[in-house]
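S.K.: Using numbering that gives the first Met the number 0, the letters of the sequence shown correspond one by one to residues 0 to 1000.
Dropping the structure in here first, questions after.
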Amino acid sequence: MSRKITVENSWVEGAPAYALDEKRGWLRVRVASVAGDKVNVKDGKRKFTVKAKDLQLSSEKALKGIEDMIGLDILHEGAIQNNVEVRYGKKQIYTYVGTILVSINPYEDIPNLYTEETIKQFLLKGANAPPHLYAVSDNVYNQMLSTGKDQSMLISGESGAGKTEATKHCLRYLTHKATENASFDGSNLIKQCIVDVNPVLEAFGNAKTKRNNNSSRFGKLFQVQFDGNGAIVGGNLISYLLEKSRVVKTSKGERGYHIFYQLCKGASKEQVEALSLEDYKEFNYLKKGECFDVDDVDDVEEFKKVCASMLKCGIQEETQSKMFAALAAILHLGNIQFEEKEGGTGENDYGVVSSSSTKSLNVAAILLGINPKVLQESLSQRTMGGGRGSVYKIPLQCKSCMDSRDALCKEMYSMLFAWLIHTINATMASKSTPKNFIAVLDIFGFEVFEQNSFEQLCINYANEVLHQQFIHHYFKLEQEEYATEGLNVEVLQIDQVDNKPVLQLMTAKPVSVFALLEEQCQIARGSDEIFIDRFTECLTKMDEKSSSLASRVKRQPTLFAIKHFAGEVKYEAIGFIEKNKDPLHIDLQNVMNMSAKKNKFMAEVLKFGTTNRKMNTTVIRTFQKQVNGLMELLDKTEPNYVRCIKPNERKAAQQFEGPLVLSQMRYSGLLDSIRIRQAGYAVRRTFEDIIELFGNSKLGRAGKAEGGRQGCLTILQTTMMDQSSYVFGKTKVFFKNVDSYAHLLNEMAAIEHNAAVKVQAMWRQSYEKKKFLHALTCMKHLKNLLITKIHRQRFLKKKEAAIKMQNCFRTFKARKLLELAKKDKVASRRKEFAKRWENAFLCMKKTRENLRNRGWAYKKGGRFGGRRNWHRRYFFLYEDSLSYYRDMDVGDKPLGFKGSAMLTKVEDVFCEKRNSFFFRDKKMSREKTETYILVMKMEGDSEMLLGADNASELDEWKEAIKFAVEEQKLLEQAKTTEDKLPTVDVETVEKMLREVEIKHK
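If you want it as structure tokens, here you go:
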């Protein structure tokens, strides 16, 4: 089944497309199903329904993120958003749409994007350079030299899109490009001033807003002037529509102009004291926004840069000090408050300077060089003219007093800014007549807020004029391409995208928005209410196209709406008359004149004030004149466009919001450039692209064989393309609309489908065959594995049994060897012990022979005897017993045997002193009252007591008995069995013998 692709009614399942989503813009999807004019699509896993008109053909080239979107196979909103988003994800922030450079603010520093080395690379690359600001600047410079025609670079976009940074990079590159062509000494000074002027302009003309931390609050055109060789010889700066109201009023979260904060924070101690800037957070103009700092910005360091840059731009330190005094005067004026005072004649209450503001009044007056009383009167009174040249003063109410104060401050800052631009231009002025110039325009983009006022009307008017210039230039480029390709240029129609009716609505005479506003400013009783009533009334008198572009908002009588090229904007008319007049009454003008008389610097600044404007000149009239002058200048140049886009409102890196990007593309005119292409021939492809589209198909090969125009014609005729839907140029084929090109894609899709069916069939056949062969191989392999496993299991069982048998045999053998080893060891040790014991016993026997073993001694009688029952007996010590007799006959069975004591039962042997009355023998009783006796402690707590004729004999008996007792114990312990060694080491016996031997000696 072929996959048919059309844009009208036959989206089919699986077709790639772009679907419009409210939250994410154009999404790349695939069609899931179609139900009438509703199409169900899939974005990954998410499914949703869109109308068929909200689907667009998918672009394959956009998926790659190509450098020039004119080269997209299909050019529409979806493809452009997709291409830009792909490149943004790769941190490629620059993309071409033909000659237009689209710049997406990355909100992060991208390595090597703006380095000196990068500049050198672009200086060498020339026309082959990728999309970049440097590439556009290089091309502009080269075009100026080659054609001799002045060039312009128009940089536009919303606040926060990166216009100011883009302007700086373009000027920086141009100064590098022109360096090699410098021919006079002053060139370097001018180039330095062109680069260094940016910190000064940003300090005085930029401020922090909710959408941008460094938002330009004025438009500027920078003319870089060159000689015939391409060297920079001068520069000129033109400013547009400075936002004066920001001096006196800021919203919460925003700041006034940077210079106020830089001065308060970065001034020296002497300057702070002289200008009374000690507590800058108490200045009313600074604290209204409740924001004194900017993230990642050091105001002190920035102030140093600004002072250094002003020196390079020809503003000396003395002049800088006077500028800072004027800025401080504005801050102190803002702190002057008014209080109501009752009129003495019953008139309405009027305002006077409050007592708490006296210090601020005096400081402001001193800084301006005027009398504080004069300043006070000029703020609280107004001089009015009467009949016959008479004048009189009327007191002002508190609100009018504050309005006068704010008007004076705004005018002072506006004059100071204008003087600054004039001074910079004087420094950059060319000493010779320049041949060419490159104008770099940094202009505010289209603005639409929740509440839009006079400022937005002026800004959007300028954007309408610039948009018309862009449309006519792009239309001219289309005509040139048609002419180059040999086509009829009359096919192009510009009416579809021309914004001429809107401009007529705003500026035409005698009836338009500006004309009616001017009318109300000229009459004495003009008001905002009358202006909007007149505007509503005159809509019916305008031509149909213009009147359809404006309306009055229902139920909101002070609002009116205008349909601009970028969308409808509702304007609040209250305040239009006052802002357009921009009045500064005579008393305030007199104050400025008095200050100028005593202050030469203020005299110079005053030249750029309201007092020097012609009578009846309004802001609208002045601004229209500036815009017309800008258009005259641009019309003399070859324009080049840079469209700056902000990817999200959060100022976050790598965050892409499709609807926001699309709306900015619409504001910038990128989508109108698409409409211009679609007004003629919407799709154009080279002959080679058409042939390559069909690739290696039969039709594609036929086209390649014929080549060029003929090959392309063969393909179109073969696909039965309607001949009225396309036309041949010299190198391209032009399709009338997207549907015509879609027919070609349908045919290609059908060829691809048929080829895919054949390829799929062959692939399935090959796949099934490979699958079968693979299964067969697997079965054989599995069989081999199974047989191997069985044999292995049998082998492992036999091996396990053999190992068990070996273990048993080895265990049995080891045990036998261990038993033999044990027996051999015991026998060896027993033999050794036996020898040592034999020597020990011989020593014991010899020792015992030297000890007493028989003799007379006294023994205490048994328990039935008296206390003095002692008898003299003959004792005989032999082996393990101590026997005693009545006489010395100790043979076998002697008659005199009285008893014996077993030495094995003796526990202790010792001598102690006893009283002599224990002895019955006269000799013993005659001894001293106390004498020694030998005590043998037996088992069971019994004792055997012995006495001797003298103490030496008693000691001998003690040693002999003690030795015999120890001997018996050792002999008992030294007994062994067959498998047991003695429990007493022979060394112990030998040690004991040595001790006895020593005592005996």
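Note that beta-carbon positions come from the ideal geometry of N, C-alpha and C, so glycine has one too.
I'd like to know whether the C-beta atoms of residue 30 and residue 18 end up nearer to each other than 7 Å.
M.R.: Along the sequence shown, one-based indexing puts residue 30 at 31. Along the sequence shown, one-based indexing puts residue 18 at 19. No. Outside cutoff.
S.K.: Hey, quick one: how far does the beta strand (DSSP E) through residue 96 stretch, first residue to last?
M.R.: By one-based count along the sequence shown, residue 96 stands at place 97. Its beta strand (DSSP E) spans residues 93 to 96.
S.K.: Quick one: residues in its chain with C-beta nearer than 7 Å to the C-beta of residue 602, no 5 flanking neighbours on either side, listed in chain order?
M.R.: On the sequence shown, residue 602 is found 603 positions in, with the first residue counted as 1. Answer for residue 602: 595, listed in chain order.
S.K.: Could you give the first and the last residue of the continuous beta strand (DSSP E) run that contains residue 418?
M.R.: For this step, residue 418 is matched to residue 419 along the sequence shown. Not the beta strand (DSSP E): residue 418 falls in the alpha helix (DSSP H), residues 397 to 427.
S.K.: In terms of alpha-carbon separation, which member of 223, 285 and 16 lies closest to residue 139?
M.R.: In the sequence shown, the residue the question calls residue 139 occupies position 140. Closest option to residue 139, Cα to Cα, is 223.
S.K.: Output yes or no for whether 7 Å exceeds the beta carbon distance between residue 220 and residue 168.
M.R.: Numbered from 1 along the sequence shown, position 221 holds the residue referred to as residue 220. Numbered from 1 along the sequence shown, position 169 holds the residue referred to as residue 168. No, these two residues do not count as a Cβ contact at 7 Å.
S.K.: Hey, out of 793, 287, 370 and 412, whose CA is closest to residue 323's CA?
M.R.: For this step, residue 323 is matched to residue 324 along the sequence shown. The option with the nearest alpha carbon to residue 323 is 412.
S.K.: Any idea what DSSP makes of residue 466, helix, strand or coil?
M.R.: Start at 1 with the first residue of the sequence shown, and residue 466 comes out as number 467. If DSSP states are grouped into helix, strand and coil, residue 466 belongs with the helices.
S.K.: Between which two residues does the beta strand (DSSP E) containing residue 1001 stretch?
M.R.: What is shown of the chain runs 0 to 1000, which leaves residue 1001 out entirely.
S.K.: So the candidates are 841, 475, 65 and 70; which of them puts its Cα closest to the Cα of residue 82?
M.R.: Within the sequence shown, numbered from 1, the residue matching residue 82 stands at position 83. Measuring from the Cα of residue 82, the nearest candidate turns out to be 65.
S.K.: Could you name each continuous alpha helix (DSSP H) segment of 4 residues or more that falls completely within the stretch 625 to 679, going from the start of the chain to the end?
M.R.: 657 to 667 and 669 to 678
S.K.: Are the beta-carbon atoms belonging to residue 689 and residue 703 less than 7 Å from one another?
M.R.: Looking up residue 689 in the sequence shown gives position 690. Looking up residue 703 in the sequence shown gives position 704. Against a cut-off of 7 Å, the Cβ pair of residue 703 and residue 689 comes out as no contact.
S.K.: Rounded to the nearest angstrom, what separates residue 789 and residue 803 at their Cα positions?
M.R.: Along the sequence shown, read from residue 1 onward, the residue named residue 789 stands at position 790. Along the sequence shown, read from residue 1 onward, the residue named residue 803 stands at position 804. Computed Cα separation, rounded: 21 Å.
S.K.: From the DSSP secondary-structure annotation, give me the bridge partner or partners of residue 441.
M.R.: Counting from one through the sequence shown, the residue named residue 441 turns up at place 442. Here residue 441 is bridged, per DSSP, to 154 and 219.
S.K.: State the Cα-Cα distance for the pair residue 582 and residue 178, rounded to the nearest angstrom.
M.R.: Here residue 582 refers to the residue found at position 583 of the sequence shown. Here residue 178 refers to the residue found at position 179 of the sequence shown. Their Cα atoms are separated by approximately 47 Å.
S.K.: Give the straight-line distance between the Cα atoms of residue 870 and residue 897, rounded to the nearest whole angstrom.
M.R.: Translated into the one-based positions of the sequence shown, residue 870 becomes position 871. Translated into the one-based positions of the sequence shown, residue 897 becomes position 898. Cα-Cα distance, rounded: 11 Å.
S.K.: Tell me which same chain residues have a C-beta within less than 7 Å of the C-beta of residue 523, skipping the five on either side of it?
M.R.: In the sequence shown, counting from the first residue as 1, residue 523 sits at position 524. If the five residues before and after residue 523 are omitted, its C-beta is found closer than 7 Å to no C-beta atom of its own chain.
S.K.: What did DSSP end up calling residue 531 once you bin it into helix, strand or coil?
M.R.: Working through the sequence shown from its first residue, we reach residue 531 at position 532. Reduced to three states, the DSSP call for residue 531 is helix.
S.K.: Any idea what DSSP makes of residue 481, helix, strand or coil?
M.R.: Residue 481 sits at position 482 when you count from the first residue of the sequence shown. Three-state result, residue 481: helix.
S.K.: Please tell me whether residue 238 and residue 420 are closer than 7 Å, where the distance is taken between their beta carbons.
M.R.: In the sequence shown, residue 238 corresponds to position 239, counting from 1. In the sequence shown, residue 420 corresponds to position 421, counting from 1. The criterion of a C-beta distance shorter than 7 Å is satisfied by residue 238 and residue 420.
S.K.: Using a Cβ-Cβ cutoff of less than 6 Å, which residues in the same chain neighbour residue 86 once the five nearest sequence positions on both sides are dropped?
M.R.: Stepping through the sequence shown from its first residue, residue 86 is reached at position 87. Answer for residue 86: 64 and 94, listed in chain order.
S.K.: Are the stretch 302 to 313 and the stretch 194 to 205 touching by the rule of at least three beta carbon pairs closer than 8 Å?
M.R.: yes
S.K.: Does residue 793 pass the burial test, meaning 16 or more other C-beta atoms within 10 Å, or should it be called exposed?
M.R.: Counted from its first residue, the sequence shown places residue 793 at position 794. Exposed, by the Cβ-count rule.
S.K.: Classify residue 649: buried if its beta carbon has 16 or more other beta carbons within 10 angstroms, exposed otherwise.
M.R.: Within the sequence shown, numbered from 1, the residue matching residue 649 stands at position 650. Residue 649 is exposed by the Cβ-count criterion.
S.K.: For residue 931, name the three-state secondary structure that DSSP assigns.
M.R.: In the sequence shown, residue 931 corresponds to position 932, counting from 1. Three-state DSSP puts residue 931 in a strand.
S.K.: Starting from residue 100, trace the beta strand (DSSP E) both ways and give me its first and last residue.
M.R.: Start at 1 with the first residue of the sequence shown, and residue 100 comes out as number 101. Annotation for residue 100: the continuous beta strand (DSSP E) segment containing it runs 99 to 103.
S.K.: Counting Cβ pairs, one atom from each stretch, are 3 or more of them under 8 Å apart for the stretch 108 to 124 and the stretch 664 to 671?
M.R.: no
S.K.: Return helix, strand or coil for residue 964, following the three-state DSSP convention.
M.R.: Translated into positions along the sequence shown, residue 964 becomes position 965. Residue 964 falls in the helix class under three-state DSSP.
S.K.: Determine contact between the stretch 468 to 482 and the stretch 256 to 268, defined as no fewer than three beta-carbon pairs at a distance below 8 Å.
M.R.: no
S.K.: Quick one, which of 358, 733 and 53 has its alpha-carbon nearest residue 28's?
M.R.: By 1-based counting over the sequence shown, the position of residue 28 is 29. Residue 28 has its Cα closest to that of 53, out of 358, 733 and 53.
S.K.: Contact defined as beta carbons within less than 8 Å: I believe residue 858 pairs with residue 945. What is the distance between those atoms, to the nearest angstrom?
M.R.: Numbered from its first residue, the sequence shown carries residue 858 at position 859. Numbered from its first residue, the sequence shown carries residue 945 at position 946. So it is a contact: roughly 6 Å between Cβ atoms.
S.K.: Given this structure, state the Cα-to-Cα distance separating residue 102 from residue 23, to the nearest angstrom.
M.R.: Translated into positions along the sequence shown, residue 102 becomes position 103. Translated into positions along the sequence shown, residue 23 becomes position 24. Each residue's Cα considered, the two are about 20 Å apart.
S.K.: Given 8 Å as the limit, is there contact between the stretch 541 to 551 and the stretch 496 to 509, that is, 3 or more CB pairs closer than that?
M.R.: The stretch 541 to 551 is in contact with the stretch 496 to 509.
S.K.: Counting pairs of Cβ atoms below 8 Å between the stretch 632 to 645 and the stretch 246 to 254, do you hit three or more?
M.R.: Look at the beta carbons and you see the stretch 632 to 645 not touching the stretch 246 to 254: under three pairs across the two are nearer than 8 Å.
S.K.: For a quick check, are the C-beta atoms of residue 444 and residue 397 less than 7 Å apart?
M.R.: Translated into the one-based positions of the sequence shown, residue 444 becomes position 445. Translated into the one-based positions of the sequence shown, residue 397 becomes position 398. Their beta carbons are not under 7 Å apart, which means residue 444 does not touch residue 397 by this criterion.
S.K.: Roughly how far, in whole angstroms, is the beta-carbon of residue 571 from the beta-carbon of residue 452, given that I think they are within contact range, below 8 Å?
M.R.: Mapped onto the sequence shown, residue 571 falls at position 572. Mapped onto the sequence shown, residue 452 falls at position 453. A Cβ-Cβ separation of about 6 Å places residue 571 in contact with residue 452 under the 8 Å criterion.
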